[in-house]
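Numbering (my numbering), first residue to last: 6 to 718. Even glycine gets a Cβ: it sits at the ideal position worked out from N, Cα and C. Below is one structure, written out as structure tokens; the observations come after it.
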């Protein structure tokens, strides 16, 4: 609770709203962490439930997903009615042009929705598969990038892969000793698939062959989709992507997997002349037959229907030979193992990341909670976000249609769940390694991860340290703590974001920046490297959110600099700030400045980890140059964007350093993405500021960061 005298509240009514905003964060944290010791996921779910309810939650949790499933089962409609209800938006009236006025945009299942402000009422639906004048000028050619397979081939010469046509012949995933036609190594012009799945039995992961049927039909249907797109759009014509529509494909396009097959396989073995017979053969068989078979894949015992379909597609079959599958039961020796097989088994475990890096990950989901609750599966899901090009692994639902029905489907919601899970895992690792609050065994337990063998912990934990860092996630429920630095204009005046400030991006997706160099900043996010470098260092690092560097007595000619770290949680903020302090000299040399102060601001969408500071205060800062440091998504959007804007409008150089990028990651802001909008104001009569003892939710940040008793212009 805040200790504000009642007479002060009567004199300054605005302080009452500041108090209520602070209490919203405090109550959410208290409810989330109250009672018995809780798992990280349980804390995240309770925190989000206790926050003020707003549409479009930014983070999904396993507990929240389980509750949604429970409610869906309680009030569920018959399957036919559910399918009919799902077609409502596709059958609704569609405008020919965007509506007038201000609106928000959303994407779901291949439809672009426009929603009026305020209220969020849907006022327009536009299928992205059909070209629109409103998106033609904003779309640009951009092919999907295939996996960088050949960059890893030297380290994967011992890897085994099962060709798709062999899987169809077996109609199941055979054990490695049975599979006589496994391919060794990776090759150019092939599409490599890493299948991430849960074992359905302790001895046999796929007892009745359901997973094999789903995977086979899914890959065949995706290849058919790739052929269809290549024929309709042109084999070498790139797909069109609209940055304004969340960088979604516009016009004729297939799923990411189909587009990857088109680029990596079809263009390697076909030309404009030879693609036509394959497409005509598919047209005679009917794409509907493929889609219907994929939807009923789990019922195709022995893959008899798939085999009969492929008998009518002789021109397609050679293309299927170029799809190679990695499935652990088939491609790794199973126990009991000979000494030679044991060696291969261990070497394969050490190269799992490279296998996912070389092969596009296909996540096979039937029970989401159980899948993400298993340590190996959770690791593979997290790795897929890093190892799969563009961070979008393919997701296949067991018991649902095996091929996505459009360029955007409910796969997005599952990707959101995996990304939310990654946020939680990252907090647990920071608590363990950075703050040293628990053992690794306790960390895995609180993360709710189960392992079949306790001996797997060292490898699993080391692998999680390497790939667990999330790539930035924003939520209106995010907890903002630390120090929010503001340019000190002198005479008690500071430049501030206006209370109605909201981050925007230009419709073309660009930013008004100029690249000024590259900086190797990965060490600022590398928790594993920090652990190895720390060695015998005692205790966690300094968590102070504002620090200054004593300067020389006389003012020099080198510009002074303030480093503002923007991070996704307090642990990450401390990790980055520790790196900035250790590498301050390198930063000064690169930018030709003298660092005189630094701060960190944490914007945590799931504050489930340790909060060493847990408060928020605005801090006036005087410096000639500002450098905003963090992950690319954070420095370009939301709080990072707000800081850059106020600094730019203070007529000071604003530089961003994106630690998760390796090249051209140092940029200077050279303009405003929305000229003329009231982004900033000059606050006169700055006093001592106001500290929010439990931080603020992001939805309250700009309205209640400061006491608005002084004049603003």
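Could you tell me whether the Cβ atoms of residue i and residue j are closer together than 7 angstroms?
i, j, result
"residue 697", "residue 650", "no"
"residue 374", "residue 67", "yes"
"residue 453", "residue 46", "yes"
"residue 473", "residue 434", "yes"
"residue 701", "residue 621", "yes"
"residue 623", "residue 706", "no"
"residue 302", "residue 369", "no"
"residue 242", "residue 267", "no"
"residue 599", "residue 562", "no"
"residue 566", "residue 630", "yes"
"residue 331", "residue 367", "no"
"residue 674", "residue 653", "yes"
"residue 30", "residue 455", "no"
"residue 601", "residue 556", "yes"
"residue 422", "residue 70", "yes"
"residue 610", "residue 451", "no"
When the Cα atoms are used, what is the spatial distance from residue i to residue j?
i, j, result
"residue 469", "residue 56", "30 angstroms"
"residue 205", "residue 217", "13 angstroms"
"residue 505", "residue 686", "11 angstroms"
"residue 264", "residue 146", "13 angstroms"
"residue 283", "residue 321", "6 angstroms"
"residue 160", "residue 190", "9 angstroms"
"residue 494", "residue 51", "42 angstroms"
"residue 401", "residue 223", "8 angstroms"
"residue 672", "residue 638", "14 angstroms"
"residue 539", "residue 280", "57 angstroms"
"residue 583", "residue 348", "40 angstroms"
"residue 507", "residue 661", "19 angstroms"
"residue 703", "residue 482", "6 angstroms"
"residue 677", "residue 518", "9 angstroms"
"residue 65", "residue 535", "29 angstroms"
"residue 226", "residue 326", "14 angstroms"
"residue 179", "residue 85", "36 angstroms"
"residue 317", "residue 221", "17 angstroms"
"residue 181", "residue 163", "13 angstroms"
"residue 409", "residue 371", "Because the pLDDT of residue 409 is 38, which lies under 50, any placement of that residue in the model is unreliable, and the number read from its coordinates should be weighed accordingly. Between residue 409 and residue 371, the C-alpha separation is close to 15 angstroms."
"residue 668", "residue 521", "11 angstroms"
"residue 232", "residue 169", "17 angstroms"
"residue 212", "residue 384", "23 angstroms"
"residue 414", "residue 74", "Any reading at residue 414 is ruled out, since the residue's pLDDT is 42, under 50, leaving its predicted position unreliable."
"residue 350", "residue 338", "6 angstroms"
"residue 690", "residue 498", "6 angstroms"
"residue 80", "residue 72", "13 angstroms"
Give me, in chain order, the residues of the same chain whose beta-carbon lies closer than 7 angstroms to that of residue i; leave out the 5 immediate sequence neighbours on both sides.
i, result
"residue 144", "245, 246, 247 and 255"
"residue 354", "464"
"residue 618", "486, 487, 548, 550 and 575"
"residue 176", "214, 217, 307 and 308"
"residue 32", "55"
"residue 389", "201, 361, 366, 368 and 398"
"residue 48", "37, 38 and 613"
"residue 391", "472"
"residue 431", "473, 474 and 475"
According to DSSP, which residues form a beta bridge with residue i?
i, result
"residue 549", "Note: residue 549 sits in no beta bridge, so no partner."
"residue 607", "486 and 572"
"residue 252", "Note: residue 252 sits in no beta bridge, so no partner."
"residue 671", "522 and 662"
"residue 201", "368"
"residue 399", "367"
"residue 631", "567 and 659"
Residues in its own chain within less than 8 angstroms of residue i by CB, not counting five upstream and five downstream?
i, result
"residue 395", "149, 150 and 261"
"residue 467", "533"
"residue 436", "442, 443, 448, 576, 614 and 615"
"residue 271", "231, 232, 235, 240, 280 and 324"
Ignore the nearest five residues each way along the sequence and tell me which others in residue i's own chain have a CB closer than 6 angstroms to its CB.
i, result
"residue 193", "155"
"residue 529", "581, 584 and 664"
"residue 210", "204 and 334"
"residue 440", "545 and 615"
"residue 229", "287 and 295"
"residue 310", "298"
Could you check whether the Cβ of residue i sits closer than 7 angstroms to any Cβ belonging to chain B?
i, result
"residue 121", "Absence of chain B from the displayed structure is noted, only one protein chain being present."
Kindly provide the ranges of any beta strand (DSSP E) runs that are 3 or more residues long and lie completely inside the stretch 139 to 180, ordered along the chain.
144 to 146 and 165 to 168
Taking the runs of the alpha helix (DSSP H) that are 4 residues or longer, which of them lie wholly in the stretch 190 to 245?
As summarised for the stretch 190 to 245, the continuous alpha helix (DSSP H) elements at least 4 residues long and confined to that stretch are 215 to 238, given in chain order.
Could you name each continuous beta strand (DSSP E) segment of 3 residues or more that falls completely within the stretch 302 to 386, going from the start of the chain to the end?
328 to 331 and 365 to 370
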